[in-house]
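Visitor: Residue numbers (this note's numbering): 14 to 133.
Here it is as structure tokens:
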């Protein structure tokens, strides 16, 4: 998991699983691999598509937001993981589902509830 810095768009100081965007005309899997490389300085070994979430929320500045979350389970070599974006990532840690850090991103528990059976 990674902890967001105060330089991220929102949810400062909250723990998340990482994420990012897809560039225009960029295939989703290529974007996923790029984001992992940018954020965690490592390559992807295995990818499993979990599903998607249609996310509607109001952020801490009371702005309505809407995005589609494409959710994947990704295997990486944890020995090669490093913080590739220290301006956006304050800290990285490895945890068990039974011992998750707090505070968490507002969408984190939604993700866990939807995919918990697939995350073992």
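Ideal Cβ placement from N, Cα and C applies to all residues, glycine included.
This one's a predicted model, so the numbers in the text were calculated from it and none came from an experiment.
Can you give, in chain order, each stretch of the beta strand (DSSP E) that sits fully within the stretch 67-113 and has at least 3 residues?
Guide: 77-89, 102-105
Visitor: If you compare alpha carbons, which of 73, 97, 40 is closest to residue 51?
Guide: As a first step, residue 51 must be located in the chain shown, where it is residue number 38. For residue 51, the nearest C-alpha among the options comes from 97.
Visitor: Are the Cβ atoms of residue 94 and residue 128 separated by less than 8 Å?
Guide: For this step, residue 94 is matched to residue 81 along the chain shown. For this step, residue 128 is matched to residue 115 along the chain shown. Going by C-beta atoms, residue 94 is not nearer than 8 Å to residue 128.
Visitor: Smallest Cα separation from residue 63: which of 118, 82, 43, 122?
Guide: Residue 63 sits at position 50 when you count from the first residue of the chain shown. Taking only the C-alpha atoms, the option nearest residue 63 is 82.
Visitor: Roughly how far, in whole angstroms, is the beta-carbon of residue 41 from the beta-carbon of residue 89, given that I think they are within contact range, below 8 Å?
Guide: Position 28 of the chain shown, counted from the first residue, corresponds to residue 41. Position 76 of the chain shown, counted from the first residue, corresponds to residue 89. Not a contact, Cβ separation roughly 18 Å.
Visitor: Quick check on DSSP: helix, strand or coil for residue 15?
Guide: Taking the chain shown and counting its residues from 1, the one referred to as residue 15 is at position 2. Residue 15: strand per DSSP, three-state reduction.
Visitor: Starting from the C-beta of residue 31, find all residues in its chain whose C-beta is less than 6 Å away, skip the five residues before and the five after it, and write them out in chain order.
Guide: Along the chain shown, one-based indexing puts residue 31 at 18. Closer than 6 Å at the Cβ level, and outside the excluded window around residue 31, lie 15, 52.
Visitor: Identify whether residue 45 lies in helix, strand or coil by the three-state DSSP scheme.
Guide: As a position in the chain shown, residue 45 is number 32, starting the count at 1. Helix.
Visitor: First and last residue of the alpha helix (DSSP H) that includes residue 122?
Guide: Translated into the one-based positions of the chain shown, residue 122 becomes position 109. It spans 121-128 - the alpha helix (DSSP H) in which residue 122 sits, taken as one unbroken run.
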